[in-house]
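Chains as they are written, first to last, in UniProt numbering: chain A, 1 to 144; chain B, 1 to 144. Beta carbons: idealized from backbone N, C-alpha and C, even for Gly. Notes follow the structure.
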């Protein structure tokens, strides 16, 4: 198995609401057959019916509970960008679950959930520099 | 907000078990402070305590239920690769939740869950070609 992810699919209960939320944050994608595809670096972020996604995975959809067990992180280039993004999230109808602050590791981070409860961490972490295209190359942590 | 994901963090209940599972599938990463980081294309796949991840997101960890609402897809270059990967998943202790078959859209797909229940879809989908480095560029679905 090569070390990569092709798609990250977020199960949603209301596709229009979910699409509107990400569009309000500036994302632009394509909607096809009740599915929204966003190009996200070298992979795709997809919005799709939570029930259909569960079925497609051979799983019972079950109840939507608080924390689904996965968090997506979106790192930005400055603390000011973290603040600006959180303001946009609130305007778009997301919920800030952790106000921006310097965390125990020493970088500025925050978190929100989208309208379906999917967790995003928004951080400015100079320890993991962003390339021009937004990609990262993990540092050699052993040398830190 | 730029359209990209920096990290995908999977909350796990037993870090050694989770790390061993992905290593058995051929992933190689770095463990630092009870966290495992894998380079995955231009982003990082991270394994971290589910409780700590929830706390870091400002959320209650809550119960681990069946479907967490997110699926990761890993597309490969042939149907034979799908079959080989599923065999490796079973050897590594994952659970096949959808046997490989041609789906309604017409491509060969399957799904499994890792030891913590995180869902992965494994597919050979010629409609979304993989670049040499494993990245994808979404097609213009309007032209399909």
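Answer yes or no: does any C-beta atom of chain A fall closer than 7 Å to that of residue 82 of chain B?
no
Rounded Cβ spacing between residue 19 of chain A and residue 45 of chain A (contact assumed at less than 8 Å)
Wrong, their Cβ atoms sit about 11 Å apart, outside the cutoff.
By DSSP's criteria, residue 11 of chain B is part of a beta bridge. Which residues make up the other side?
B/48
Under a CB-based cut-off of 7 Å, is residue 139 of chain B close to chain A?
no
By the three-class DSSP mapping on this structure, what secondary structure does residue 53 of chain B have?
helix
Report the residues of the segment 27-43 of chain A with a CB closer than 7 Å to any CB of chain B, ordered along the chain.
27, 30, 32, 37, 38, 39, 40, 41, 42, 43
I'd like the list of long-range same chain contacts for residue 30 of chain B, defined as Cβ closer than 6 Å, with 5 residues on each side in sequence excluded.
37
Kindly indicate which residue of A/28, A/1, A/80 has the alpha-carbon position closest to the one of residue 140 of chain B.
A/28
If you measure from the beta carbon of residue 66 of chain A to each beta carbon in chain B, is any gap under 7 Å?
yes
Mind listing which residues of the segment 3-26 of chain B have their C-beta closer than 7 Å to chain A's C-betas, in chain order?
3, 4, 5, 6, 7, 8, 9, 10, 11, 25, 26
Below 8 Å on the Cβ atoms is my guess for residue 102 of chain A versus residue 65 of chain B; work out the distance and round it to an integer in Å.
Contact doesn't hold; Cβ gap of about 33 Å is too wide.
Please look up how many angstroms separate the CB atoms of residue 118 of chain A and residue 25 of chain A, rounded, as I've assumed it's under 8 Å.
About 13 Å separates the two Cβ atoms, so there is no contact after all.
Taking the alpha carbon of residue 59 of chain A as the reference point, which residue from B/98, B/85, B/114 has its own alpha carbon closest?
B/98
Does any residue of chain B have a CB that is nearer than 7 Å to the CB of residue 50 of chain A?
yes
Tell me the residue span of the alpha helix (DSSP H) that contains residue 104 of chain B.
Segment: none, residue 104 of chain B is in no alpha helix (DSSP H) and carries neither H nor E.
Run through chain B and tell me which residues come within less than 7 Å of residue 58 of chain A, C-beta to C-beta.
97, 98, 111
Going along chain A in order, which residues have a C-beta closer than 8 Å to the C-beta of residue 63 of chain B?
65
Taking the C-alpha atoms as reference points, what is the distance between residue 43 of chain B and residue 62 of chain B?
27 Å
Restricting to Cα atoms, I'd like to know which of B/113, B/128, B/7 is closest to residue 106 of chain B.
B/128
From the beta carbon of residue 78 of chain A, is the nearest beta carbon of chain B less than 7 Å away?
no
Chain-ordered neighbours of residue 116 of chain B on chain C, where CB pairs are closer than 8 Å
This model lacks chain C altogether; the protein chains it does include are A and B.
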